[in-house]
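Peer 1:
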Amino acid sequence: IGGNGPDDGHILKFTRDGTFLLQLGRPGVGTGSNDPENFGRVAEVSIDPDGDEVFVADGYGNKRVAVLDIQTGALKRYWGAYGNRPDDAPVPPYRPEDPPAQQFRSPLHCAEISDDGLVYACDRASDRIQVFMRDGTFVREAFVATETLGSGSAWDIALSRDSEQRFLYLADGSNKKVHILDRETLEVLTTFGDGGRQPGQFIGVHSIATDSEGNIYTTETYEGKRLQKFVFRGLGTVREADQGVVWPN
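Under my numbering, the first residue of the sequence shown is numbered 486, with each subsequent residue one higher.
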């Protein structure tokens, strides 16, 4: 568990029943994105059981993906955008007509690993997803809803639960939608959701996850303050680029 409070420079590890196991880093003493021991307001933690590693979106204060040993918590490696060494120099606000930023903007909001070992990073305020190999080698990037300014469009990622994980679900808190992408091409296939407080609507959809049956779960920040579940009904033909609100039956 990380956190984005002003002094949150650490990660806490617990068992599933809440027993405390380990603290990684110390609060309030981090020195930036190249600190070998401390963190900078961690946004998300993802587990790679195959590699016995933890992938950390160290991204509200720092601008890096950090990889830790799952047992000891030791920092093994880290990287910034395009696999570069992180640089904490200010990055100008995103404008769609500008060349892509060579460093992550704040916050780097997710670092999700797929079953085939690709790491998907949410550069939220840059409207982009960057894809890496486990060792930090840059693979490719994709931009989504590129006219989105401010808090950006790439908030969190979940993967479908079929054997190939063919689909990537992207939570877009600014536009109050979930985008469904083809994971191989990173093209947006369709989108659902809209602004509001009714079922199937969103206010600041912040996080997204899937369960073993393929159901989708979302959480909302700001005035949303809720969790919603979207039941997987199987595959079908995409008939509309934007499906709007998916109302419950």
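All C-beta atoms in this analysis are idealised placements derived from N, C-alpha and C, irrespective of residue type, glycine included.
Let me know the secondary structure DSSP gives Arg682 once reduced to three states.
Peer 2: Coil, per DSSP.
Peer 1: With H, G and I counted as helix, E and B as strand and the rest as coil, what does DSSP make of Arg609?
Peer 2: Three-state result, Arg609: helix.
Peer 1: Can you tell me whether Val530 is buried or exposed, with buried defined as 16 or more other CB within 10 angstroms of its CB?
Peer 2: Buried is the call here.
Peer 1: For the beta strand (DSSP E) that Arg562 lies in, which residues bound it at each end?
Peer 2: Its beta strand (DSSP E) spans residues 560-564.
Peer 1: Return the chain-ordered list of same chain residues with a C-beta closer than 6 Å to the C-beta of Arg609, the five sequence neighbours on each side being excluded.
Peer 2: For Arg609, where only same-chain residues beyond five positions count, the Cβ hits under 6 Å are Pro592, His594, Gly637, Ala639, Trp640.
Peer 1: Use the C-beta contact count for Leu560: other C-beta atoms within 10 angstroms, 16 or more gives buried, fewer gives exposed.
Peer 2: Label assigned to Leu560: buried.
Peer 1: Pick helix, strand or coil for Tyr654, following the three-state DSSP scheme.
Peer 2: Note: Tyr654 maps to strand in three-state DSSP.
Peer 1: Please classify Asp735: is it buried, with 16 or more other beta-carbons within 10 angstroms of its beta-carbon, or exposed?
Peer 2: Residue 735 lies beyond the stretch modelled for the chain, which goes from 486 to 734, so this question has no answer here.
Peer 1: If you drop the 5 nearest sequence neighbours on each side, which residues of the same chain put their C-beta closer than 6 Å to that of Phe505?
Peer 2: So the qualifying residues of the chain are Phe499.
Peer 1: Using only CA atoms, which one of Gly709, Pro733, Gly681 lies nearest to Val716?
Peer 2: Taking only the C-alpha atoms, the option nearest Val716 is Pro733.
Peer 1: Can you tell me which of Gly568, Arg501, Gly513, Leu603 puts its alpha carbon nearest to the alpha carbon of Asp535?
Peer 2: Considering only alpha carbons, the answer is Leu603.
Peer 1: Give the range of the beta strand (DSSP E) segment to which Phe540 is assigned.
Peer 2: Run containing Phe540: 538-543, per the beta strand (DSSP E) assignment.
Peer 1: Based on DSSP bridge pairs, tell me the residues matched to Phe687.
Peer 2: Beta-bridge pairing links Phe687 to Gly680.
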